[in-house]
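A.B. asks:
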Amino acid sequence: MKPLAEQIKQKPWLGWLMFFATMAIVFLLGLLASSIMERRAEAVFAYVKQVDHSQFEPRNEIWGQNFPREYQSYMKTADTSFRSKYNGSATIDMLEEDPRLVVLWAGYAFSKDYKQSRGHYYAVSDVWNTLRTGAPINGTTSPQPNTCWTCKSPDVPRLMNELGSAAEFYKGNWETKGHEVVNHIGCADCHDAKTMNLRISRPALIETFERTGKDIENISHQEMRSLVCAQCHVEYYFNKKKVEGVSYLTFPWDKGYSAENMEAYYDEIGFTDWVHALSKAPMLKAQHPDYEVYLTGTHASRGVSCADCHMPYISEGGVKYTNHHISSPLANPASTCQVCHRQETDKLIADVYSRQDKIIENRDKLEMLLVRAHIEAKKAWDLGASEAQMKDILTNIRHAQWRWDYTAAGHGSSFHSPVEIGRVISTGIDIAQEGRIKLARLLSDLGHNKEIPYPDISTKAKAQEFIGLDMKTMNSEKSVFMQKVVPEWLEIARERESNYAVKTMN
Ligand code: HEC
Ligand code: HEC
Ligand code: HEC
Ligand code: HEC
Numbered sequence: 244m245k246p247l248a249e250q251i252k253q254k255p256w257l258g259w260l261m262f263f264a265t266m267a268i269v270f271l272l273g274l275l276a277s278s279i280m281e282r283r284a285e286a287v288f289a290y291v292k293q294v295d296h297s298q299f300e301p302r303n304e305i306w307g308q309n310f311p312r313e314y315q316s317y318m319k320t321a322d323t324s325f326r327s328k329y330n331g332s333a334t335i336d337m338l339e340e341d342p343r344l345v346v347l348w349a350g351y352a353f354s355k356d357y358k359q360s361r362g363h364y365y366a367v368s369d370v371w372n373t374l375r376t377g378a379p380i381n382g383t384t385s386p387q388p389n390t391c392w393t394c395k396s397p398d399v400p401r402l403m404n405e406l407g408s409a410a411e412f413y414k415g416n417w418e419t420k421g422h423e424v425v426n427h428i429g430c431a432d433c434h435d436a437k438t439m440n441l442r443i444s445r446p447a448l449i450e451t452f453e454r455t456g457k458d459i460e461n462i463s464h465q466e467m468r469s470l471v472c473a474q475c476h477v478e479y480y481f482n483k484k485k486v487e488g489v490s491y492l493t494f495p496w497d498k499g500y501s502a503e504n505m506e507a508y509y510d511e512i513g514f515t516d517w518v519h520a521l522s523k524a525p526m527l528k529a530q531h532p533d534y535e536v537y538l539t540g541t542h543a544s545r546g547v548s549c550a551d552c553h554m555p556y557i558s559e560g561g562v563k564y565t566n567h568h569i570s571s572p573l574a575n576p577a578s579t580c581q582v583c584h585r586q587e588t589d590k591l592i593a594d595v596y597s598r599q600d601k602i603i604e605n606r607d608k609l610e611m612l613l614v615r616a617h618i619e620a621k622k623a624w625d626l627g628a629s630e631a632q633m634k635d636i637l638t639n640i641r642h643a644q645w646r647w648d649y650t651a652a653g654h655g656s657s658f659h660s661p662v663e664i665g666r667v668i669s670t671g672i673d674i675a676q677e678g679r680i681k682l683a684r685l686l687s688d689l690g691h692n693k694e695i696p697y698p699d700i701s702t703k704a705k706a707q708e709f710i711g712l713d714m715k716t717m718n719s720e721k722s723v724f725m726q727k728v729v730p731e732w733l734e735i736a737r738e739r740e741s742n743y744a745v746k747t748m749n
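The working numbering applies: residue 244 is where the sequence shown begins, and numbers increase by one.
(1) Counting along the chain, where does the alpha helix (DSSP H) carrying residue 827 start and finish?
(2) Going by DSSP in three states, residue 225 sits in which element: helix, strand or coil?
(3) In its own chain, which residues sit with a C-beta less than 6 Å from the C-beta of residue 469, not counting the 5 before and 5 after it?
(4) Tell me whether residue 420 is buried or exposed, calling it buried when 16 or more other Cβ atoms sit within 10 Å of its Cβ.
(5) I'd like to check one pair, residue 529 with residue 478: are the Cβ atoms closer than 8 Å?
(6) To the nearest angstrom, how far is it from the Cα of residue 684 to the Cα of residue 526?
(7) Buried or exposed: which applies to residue 626, given that a residue is buried once 16 or more other Cβ atoms fall within 10 Å of its Cβ?
(8) Inspect the beta-carbon positions of residue 568 and residue 317 and report whether they are closer than 8 Å.
(9) Which whole-angstrom value is the C-beta distance of residue 388 and residue 490, which I expect to be below 8 Å?
(10) Judging by CA-CA distance, which residue of 740, 309, 640 is the nearest neighbour of residue 518?
(11) Select from 426, 545, 488 the residue whose C-alpha is nearest the C-alpha of residue 416.
(12) Contact defined as beta carbons within less than 8 Å: I believe residue 679 pairs with residue 616. What is the distance between those atoms, to the nearest angstrom?
(13) Verify the contact flag: residue 572, CB atom, against every heavy atom of ligand 3, threshold strictly below 7 Å.
(14) Suppose contacts are defined by Cβ-Cβ distances below 8 Å. Is residue 636 in contact with residue 681 by that definition?
(15) Would the beta-carbon of residue 690 fall within 8 Å of that of residue 536?
(16) Between the beta-carbon of residue 329 and the beta-carbon of residue 502, is there less than 8 Å?
(17) Could you tell me the alpha carbon to alpha carbon distance between residue 286 and residue 309, rounded to whole angstroms?
(18) Quick check: the Cα distance between residue 211 and residue 269, rounded to an integer number of angstroms?
(19) For the beta strand (DSSP E) containing residue 492, list its first residue and its last residue.
(20) Is residue 325 closer than 8 Å to residue 574 when the C-beta atoms are compared?
(21) Taking C-beta to C-beta, are residue 729 and residue 371 nearer than 8 Å?
(22) Report the start-end ranges of each beta strand (DSSP E) in the region 413-492 that is 3 residues or longer and not cut off at the edges.
(23) Distance check for residue 290 and residue 283, CA to CA, integer angstroms please.
(24) Going by DSSP in three states, residue 283 sits in which element: helix, strand or coil?
(25) Residue ranges of each alpha helix (DSSP H) run of no fewer than 4 residues wholly in the region 334-404, ordered along the chain?
(26) Would residue 608 and residue 672 be called neighbours here (beta carbons separated by less than 8 Å)?
(27) For a test of your reading of the model: does the CB of residue 359 fall under 7 Å from any non-hydrogen atom of ligand 4? Yes or no.
(28) Between residue 589 and ligand 3, is there a pair consisting of the residue's CB and a ligand heavy atom that are separated by less than 7 Å?
(29) With DSSP as the reference, label residue 635 as helix, strand or coil.
(30) How about residue 583: is its Cβ closer than 7 Å to a heavy atom in ligand 1?
(31) According to the Cβ coordinates, are residue 441 and residue 430 closer than 8 Å?
(32) Suppose you measure from the CA of residue 733 to the CA of residue 297; what does that come to, to the nearest Å?
(33) Return helix, strand or coil for residue 693, following the three-state DSSP convention.
(34) Which residue wins for smallest C-alpha separation from residue 354, given the options 482, 425, 376?
(35) Ordered along the chain, which non-local residues of its own chain (more than five positions away) have a Cβ less than 6 Å from that of residue 521?
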């Protein structure tokens with residue numbers, strides 16, 4: 244073959260042919276690249292608006308008409324089939340699983356009923372169902388305030404807007420707004436209706452940032468991918484001193500996010516969730532400090548957000564969008580962990596389980612110590628101990644159980660920040676034993692120096708009987724409430740919603 248230059252000299256058209264062929268290939272490659280870029284943006288921008296609705300539209304199915312992919316994936320939070328070793332979306336009766344909890348919460352509503360969360364789809368119906376909200380029938384009231392609805396529904400920002408303030412929303416007993424709060428957590432809780440940008444809809448988070456001097460205007464996009472969750476997945480308490488007659492939702496972050504910081508905050512304001520039925524200790528109940536614990540972990544310090552693991556991107560028919568099926572990341576490690584880690588699925592799951600196993604080993608020990616401490620304290624009271632003799636002991640019990648609950652209440656915490664959780668449990672064990680040494684001395688002063696037998700609390704029923712709960716009446720009243728009251732609430736809501744302004748396009 245002759246060299247190329249010589250061939251072109253003989254047949255000049257060959258040169259032009261090669262020139263145009265190269266140009267055509269470059270052009271096609273350009274088209275391909277631009278189509279890939281466009282597809283990426285498509286999920287957000289290239290949609291045909293089907294309906295026009297307000298920011299305060301609480302119905303997910305209306306928002307869903309504009310964004311069917313996100314909507315359909317979000318509705319999968321109704322699926323309860325996935326179970327991992329300790330978590331997942333199936334209903335798990337935690338009191339049945341671990342009857343010690345009944346004794347730890349004696350005198351508090353959690354000892355009646357505590358189930359593991361299933362998914363956002365059930366947020367409203369689970370709060371109807373739980374015995375903790377009581378059975379407001381025949382003119383009786385619920386033991387809970389309306390504040391309890393706050394993290395359940397996009398009807399909440401709607402009502403706060405209509406009523407003019409958060410305090411007006413929190414006001415009153417739980418049953419007084421039952422007909423208003425009917426849609427489960429959804430689009431309006433996390434999104435701006437015009438731009439679909441992420442949005443903080445709950446005042447408690449904004450107010451905490453204002454109090455602690457964090458600038459809400461300068462939050463990065465990546466931080467927002469965690470902060471939308473931090474509206475609800477946090478430790479909180481009801482402040483009864485802020486607005487007269489109102490249980491005002493407040494996050495105790497003024498001194499920081501750690502177990503010790505929050506404990507110091509509660510001690511300083513003298514806050515108590517309830518007085519323990521056996522030990523009479525002034526107790527704290529940790530809610531679910533998921534965000535606070537996550538902040539102390541390796542992933543947070545490397546800038547990984549809640550959404551990176553719980554709402555990964557997925558591709559479908561060439562369209563990339565955010566999977567709104569929020570659940571355990573172990574249901575699908577390929578689209579969560581493996582985006583960043585090259586290890587095999589089995590290895591990644593084993594990492595999670597080994598951290599959880601090791602944490603639970605010591606957490607169980609702390610629980611047993613706490614059961615013993617409550618029972619020993621009761622014995623001391625029975626033998627005539629004085630308030631002054633009990634004071635330090637009860638503070639030890641309060642602090643030890645708070646630390647246990649801080650580590651147990653967030654179901655992802657053993658993975659989110661295993662080192663911190665392990666540390667907090669150790670301090671809890673130390674404080675519980677400190678209290679029990681004082682108790683042993685006091686009991687011996689009071690003439691008792693034998694071991695106080697550990698009760699038979701091998702099942703939920705036995706433990707509830709041990710603390711004296713009448714479960715039969717509570718259950719039957721609840722079933723009347725579910726059959727009579729809830730359908731009435733839904734009827735009123737349906738009527739109201741039929742009048743909302745929704746404009747269908749074209
Ligand atoms: C718990 C908070 C939360 C809820 C509830 C929620 N989203 Fe999202 N949504 C997110 C997050 C986080 C992203 C990722 C945003 C980003 O990184 O820019 C997102 C992204 C989106 C996007 C941008 C395109 C994409 O897929 O990334 C759309 C559109 C969207 N969501 C629609 C909806 C709709 C419709 C609903 C109700 C059915 C809904 N979302 C409910 C948190 C939420
Ligand atoms: C408006 C309050 C609210 C917001 C915002 C919110 N959650 Fe939730 N979340 C809840 C409640 C309430 C439940 C329990 C629902 C139930 O099972 O009844 C829950 C349950 C869950 C579960 C348990 C589901 C399971 O499989 O066990 C996960 C995981 C979860 N949320 C993650 C997130 C993440 C991640 C975000 C942010 C992207 C977020 N949530 C935002 C209130 C909220
Ligand atoms: C968005 C990226 C990202 C995702 C998603 C992610 N990781 Fe990581 N992971 C990291 C980074 C970054 C580190 C820190 C590693 C380093 O700096 O050397 C880390 C560290 C770890 C570590 C060691 C630190 C520790 O806390 O023990 C484990 C184990 C781990 N990841 C497991 C997982 C599992 C399991 C999942 C899925 C549920 C997951 N990761 C999801 C980025 C990610
Ligand atoms: C690096 C990945 C990663 C990040 C980041 C992350 N999580 Fe998790 N999360 C997990 C894993 C893994 C589990 C354990 C799942 C299991 O045991 O099935 C979990 C469990 C949970 C659970 C309990 C789920 C269940 O099935 O009951 C909740 C709720 C939760 N996380 C919320 C959050 C919130 C809120 C944030 C941000 C503040 C967050 N997570 C950040 C990986 C992550």
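For glycine and all other residues, C-beta sits at the position ideal for the given N, C-alpha and C.
C.D. replies: Quick look at the numbers:
(1) It is not possible to answer for residue 827, since the shown part of the chain is limited to 244 through 749.
(2) Lying before the first or after the last residue shown, residue 225 is absent from the chain, which here runs from 244 to 749.
(3) 548, 549
(4) buried
(5) yes
(6) 23 Å
(7) exposed
(8) yes
(9) 4 Å
(10) 640
(11) 488
(12) 5 Å
(13) yes
(14) yes
(15) no
(16) no
(17) Confidence in residue 286 is poor, its pLDDT being 49 and thus under 50, which makes the residue's placement unreliable; the coordinate value appears in the next sentence. Rounded to whole angstroms, residue 286 to residue 309 spans 11 Å at the Cα level.
(18) Beyond the ends of the chain as shown, which are 244 and 749, falls residue 211; an answer cannot be given.
(19) 491-493
(20) yes
(21) yes
(22) 480-482
(23) Low confidence applies here, because residue 283 scores a pLDDT of 47, under 50, leaving its location unreliable; read the following figure in that light. Going by the C-alpha atoms only, they are around 13 Å apart.
(24) Residue confidence for residue 283 is low, a pLDDT of 47 falling below 50, so the modelled location carries little weight and cannot support an answer.
(25) 337-340, 343-347, 366-372
(26) yes
(27) yes
(28) no
(29) helix
(30) no
(31) no
(32) 22 Å
(33) coil
(34) 376
(35) 349, 617, 621
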